[in-house]
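Novice:
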Amino acid sequence: MNYAALMKDMLADADKAPAIFSPGPYWKPHADLMIGLVERHGIEKFRAIPDKALIAFATGNQFKPPASRALKLNDALRRLPVIGRFSDALARDVDIGYGRARSEANYKLHVVFALLQEIAPDLAELKESSVGNPPVFSIYERSFSEMFLLKLLEIALLRQHVDFENIKNVVEVGGSYGLVGEILRKRYPAIRYTLVDLAPVAGFAQYYLSNVFPGGVSGFGEKTDAAIHIRCAHQLPEIGDHFDLFINVASFQEMSAEQVAMYANFARTHSDIVYLNNNRKSGSNGLTTDDYARLLQPMERAASWNSTLHEGYQPVLFRMPGK
Ligand SMILES: C[S@@+](CC[C@H](N)C(=O)[O-])C[C@H]1O[C@@H](n2cnc3c(N)ncnc32)[C@H](O)[C@@H]1O
1 MNYAALMKDM
11 LADADKAPAI
21 FSPGPYWKPH
31 ADLMIGLVER
41 HGIEKFRAIP
51 DKALIAFATG
61 NQFKPPASRA
71 LKLNDALRRL
81 PVIGRFSDAL
91 ARDVDIGYGR
101 ARSEANYKLH
111 VVFALLQEIA
121 PDLAELKESS
131 VGNPPVFSIY
141 ERSFSEMFLL
151 KLLEIALLRQ
161 HVDFENIKNV
171 VEVGGSYGLV
181 GEILRKRYPA
191 IRYTLVDLAP
201 VAGFAQYYLS
211 NVFPGGVSGF
221 GEKTDAAIHI
231 RCAHQLPEIG
241 DHFDLFINVA
251 SFQEMSAEQV
261 AMYANFARTH
271 SDIVYLNNNR
281 KSGSNGLTTD
291 DYARLLQPME
301 RAASWNSTLH
311 EGYQPVLFRM
321 PGK
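Each residue of the sequence shown is one higher than the one before, counting from 1 in the numbering used here.
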């Protein structure tokens with residue numbers, strides 16, 4: 001499969017859809033950059049490319065300096081006499097900074113793993129795929145990326161409020177490349193999972209989940225009866241299913257207020273339970289958790305808890321009365 005071509009098809013199709021489904025101003029410039037990166041580097045290592053266009057949809061920290069123009073210039077200056085010594089010192093400081101960030105992450109992830117073993121040992125047992133070649137940490141002889149472990153913790157905390165044995169159909173809006181789908185399908189194989197994200201981000205999800213679950217994905221433009229469905233945002237009106245659980249994490253906070261209202265309307269008409277984890281007040285659209293509650297009525301706020309990792313975030317659960 002040529003994924004750059006698939007992503008271009010997704011974008012061309014999205015261009016014909018109503019503007020409400022277009023990427024907001026934050027995402028628009030990233031779309032073309034993403035496809036250019038796939039053409040240049042191949043999609044196989046998309047989780048290892050230290051470029052902000054990919055990191056923006058949560059591929060994770062790379063723990064190494066980005067290929068910025070400033071650092072390239074500094075590298076060139078290192079060869080010069082006298083000035084080179086300052087550039088050398090700067091390059092060393094940058095390396096030390098990234099080394100420390102990695103070692104702090106290593107420490108944090110050991111704590112996260114220990115917590116998981118305590119509150120969700122079955123989730124801690126799950127094995128992460130290496131598709132996309134993410135930077136990994138060795139944790140008691142297991143290998144984990146930062147993003148996978150943090151997602152495991154998020155699901156473990158959500159599970160304290162939702163009985164996943166009764167959840168059969170999940171939709172995630174803004175699911176990025178599909179870690180939630182990977183975890184849910186590995187732990188609960190009876191769950192059907194639909195991921196909705198912008199064109200062309202959904203192309204990364206199609207690549208990732210098709211490789212983690214070969215033959216188990218219905219991709220863009222396909223209508224097979226698979227357990228995993230990848231859909232672009234502009235295909236939302238075609239989704240007629242009813243879902244037990246709607247998920248949105250770190251994503252409503254970066255959409256326009258109109259887009260959030262549209263997805264909230266979809267959530268309250270197509271699902272029984274809604275899990276949101278976004279900034280308490282979005283810095284870009286100004287919406288708060290209370291606004292989400294208003295938009296989701298008649299759903300009722302059933303639970304909220306503190307985010308262990310981002311203090312500004314508010315994990316919150318809404319339920320249709322009686323569900
Ligand atoms: C910061 S990432 C978070 C990804 C993932 N939910 C996580 O927790 O790691 C935000 C995601 O929202 C998606 N997104 C932004 N605007 C969207 C829209 N209008 N419709 C669907 N997805 C959108 C982005 O493409 C991206 O994958």
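In this text, a Cβ means the ideal position worked out from N, Cα and C, and glycines have one as well.
Computed from a prediction, not measured in an experiment: that's the story for all the values here.
1. Determine the contact status of Val180 and Lys223, defining contact as a CB-CB distance below 9 Å.
2. Report the residue from Gly240, Val111, Phe144 whose alpha carbon sits nearest the alpha carbon of Thr308.
3. Can you give me the Cβ contacts of Ser218 inside the same chain, cut-off strictly under 6 Å, excluding the 5 residues immediately before and after it?
4. For the stretch 133-165, which segments carrying the beta strand (DSSP E) assignment without a break, of at least 3 residues, lie completely within its bounds, in sequence order?
5. Do three or more CB pairs link the stretch 193-206 to the stretch 6-18 at distances below 8 Å?
6. Would the beta-carbon of Leu179 be found less than 8 Å away from any heavy atom of ligand 1?
7. If we count Cβ pairs, one from each stretch, closer than 8 Å, do we get three or more for the stretch 234-252 versus the stretch 166-185?
8. Which term fits Arg192, buried or exposed, when burial requires 16 or more other beta carbons within 10 angstroms of its beta carbon?
9. Assuming Asn169 and Phe220 make a contact with CB atoms under 8 Å, what is their CB distance in whole Å?
10. Using 9 Å as the threshold, is the C-beta distance between Phe213 and Ile239 below it?
11. Pick from Tyr3, Glu104, Ala17: whose alpha carbon is nearest that of Pro237?
12. In chain order, what residues have a CB nearer than 5 Å to some heavy atom of ligand 1?
13. What is the DSSP secondary structure of Phe21, counted as helix, strand or coil?
14. Would Tyr26 pass as a contact of Glu254 if the rule is Cβ separation under 9 Å?
15. Assuming Leu149 contacts Lys186 (C-beta within less than 8 Å), just tell me the rounded distance between them.
16. Can you tell me whether Arg47 is buried or exposed? The criterion is at least 16 other CB atoms within 10 Å of its CB, across all chains shown.
17. Measure the CB-CB distance between Thr269 and Arg231 and report whether it falls below 9 Å.
18. Out of Val94, Ala58, Thr59, which one is the CA nearest neighbour of Asp75?
19. Looking at the strands, I want to know which residues DSSP matches up with His229.
20. Whose C-beta lies closer than 7 Å to the C-beta of His30 among residues of the same chain, with five residues either side of it excluded?
21. What would DSSP say about Pro237, mapped onto helix, strand or coil?
22. Can you tell me whether Val38 is buried or exposed? The criterion is at least 16 other CB atoms within 10 Å of its CB, across all chains shown.
23. CB-CB under 7 Å to Ala190, same chain, minus the five flanking residues each way: which ones, in chain order?
24. Closest to Arg102 by CA distance: which of Asp197, Lys281, Asn166, Asn61 is it?
25. Could you check the C-alpha separation between Leu296 and Asn279 for me, to the nearest Å?
26. What is the DSSP secondary structure of Phe266, reduced to helix, strand or coil?
27. Please classify Pro321 as buried or exposed, where buried requires at least 16 neighbouring CB atoms within 10 angstroms.
28. So, are the CB atoms of Val136 and Phe144 less than 9 Å apart?
29. Quick one: is Ser391 buried, meaning 16 or more other Cβ sit within 10 Å of its Cβ, or exposed?
30. So, Ala70 versus Leu123, is the Cβ gap smaller than 9 Å?
31. Excluding sequence positions up to five away, which residues of its chain have a Cβ less than 8 Å from the Cβ of Ile83?
32. Please report the distance separating the alpha-carbon of Asn2 from that of Leu116.
Specialist: Result, derived from the coordinates:
1. Residue 180 sits at position 180 when you count from the first residue of the sequence shown. Residue 223 sits at position 223 when you count from the first residue of the sequence shown. Not closer than 9 Å, so no.
2. The count along the sequence shown starts at 1 and reaches residue 308 at position 308. The residue with the shortest Cα to Cα distance from Thr308 is Val111.
3. In the sequence shown, residue 218 corresponds to position 218, counting from 1. The residues are Thr224, Ala226, His229.
4. 136-139, 142-145
5. yes
6. Start at 1 with the first residue of the sequence shown, and residue 179 comes out as number 179. True, at least one ligand heavy atom lies under 8 Å from that Cβ.
7. yes
8. As a working note, residue 192 is residue 192 in the sequence shown. Result: buried.
9. The sequence position of residue 169 within the sequence shown is 169, counting from 1. The sequence position of residue 220 within the sequence shown is 220, counting from 1. About 20 Å; that fails the 8 Å criterion.
10. Start at 1 with the first residue of the sequence shown, and residue 213 comes out as number 213. Start at 1 with the first residue of the sequence shown, and residue 239 comes out as number 239. No. Outside cutoff.
11. The sequence position of residue 237 within the sequence shown is 237, counting from 1. Residue Ala17 is the option with its Cα nearest to Pro237.
12. Phe57, Ala58, Gly174, Ser176, Asp197, Leu198, Val201, Ala233, Val249, Ala250, Ser251, Met255, Gln259
13. Working through the sequence shown from its first residue, we reach residue 21 at position 21. Note: Phe21 maps to helix in three-state DSSP.
14. Locating residue 26 in the sequence shown gives position 26, counting from the first residue. Locating residue 254 in the sequence shown gives position 254, counting from the first residue. Their beta carbons are under 9 Å apart, which means Tyr26 touches Glu254 by this criterion.
15. Counting from 1 along the sequence shown, the entry for residue 149 is found at position 149. Counting from 1 along the sequence shown, the entry for residue 186 is found at position 186. Not confirmed; about 14 Å, so no contact.
16. The count along the sequence shown starts at 1 and reaches residue 47 at position 47. Under this definition Arg47 is a buried residue.
17. Stepping through the sequence shown from its first residue, residue 269 is reached at position 269. Stepping through the sequence shown from its first residue, residue 231 is reached at position 231. Their beta carbons are not under 9 Å apart, which means Thr269 does not touch Arg231 by this criterion.
18. Position 75 of the sequence shown, counted from the first residue, corresponds to residue 75. Asp75 has its Cα closest to that of Val94, out of Val94, Ala58, Thr59.
19. Within the sequence shown, the letter at position 229 stands for residue 229. In DSSP, His229 forms a bridge with Thr194, Ser218.
20. Position 30 of the sequence shown, counted from the start, is the residue given in the question as residue 30. Excluding residues within five positions, the ones whose Cβ falls inside 7 Å are Ala53, Ala56.
21. Translated into positions along the sequence shown, residue 237 becomes position 237. DSSP places Pro237 in helix when its eight states are reduced to three.
22. Here residue 38 refers to the residue found at position 38 when the sequence shown is read from its first residue. So Val38 counts as buried.
23. For the purposes of this step, residue 190 is identified with residue 190 of the sequence shown, where counting begins at 1. These residues qualify, in order along the chain: Lys168.
24. Here residue 102 corresponds to residue number 102 of the sequence shown, with the count starting at 1. For Arg102, the nearest C-alpha among the options comes from Asn61.
25. Locating residue 296 in the sequence shown gives position 296, where the first residue counts as 1. Locating residue 279 in the sequence shown gives position 279, where the first residue counts as 1. In a straight line, the C-alpha of Leu296 is about 17 Å away from that of Asn279.
26. Taking the sequence shown and counting its residues from 1, the one referred to as residue 266 is at position 266. Reduced to three states, the DSSP call for Phe266 is helix.
27. Residue 321 sits at position 321 when you count from the first residue of the sequence shown. Answer is exposed; the Cβ neighbour count stays below 16.
28. To locate residue 136, count along the sequence shown from 1; it is residue 136. To locate residue 144, count along the sequence shown from 1; it is residue 144. The answer is yes: Cβ separation under 9 Å.
29. This structure cannot settle anything about residue 391, because the visible part of the chain is limited to 1 through 323.
30. The residue labelled residue 70 in the question sits at position 70 within the sequence shown. The residue labelled residue 123 in the question sits at position 123 within the sequence shown. Contact flag unset, no.
31. Along the sequence shown, read from residue 1 onward, the residue named residue 83 stands at position 83. Answer for Ile83: Leu77, listed in chain order.
32. Within the sequence shown, residue 2 is the residue found at index 2, counting from 1. Within the sequence shown, residue 116 is the residue found at index 116, counting from 1. Their backbone Cα atoms lie some 38 Å apart in a straight line.
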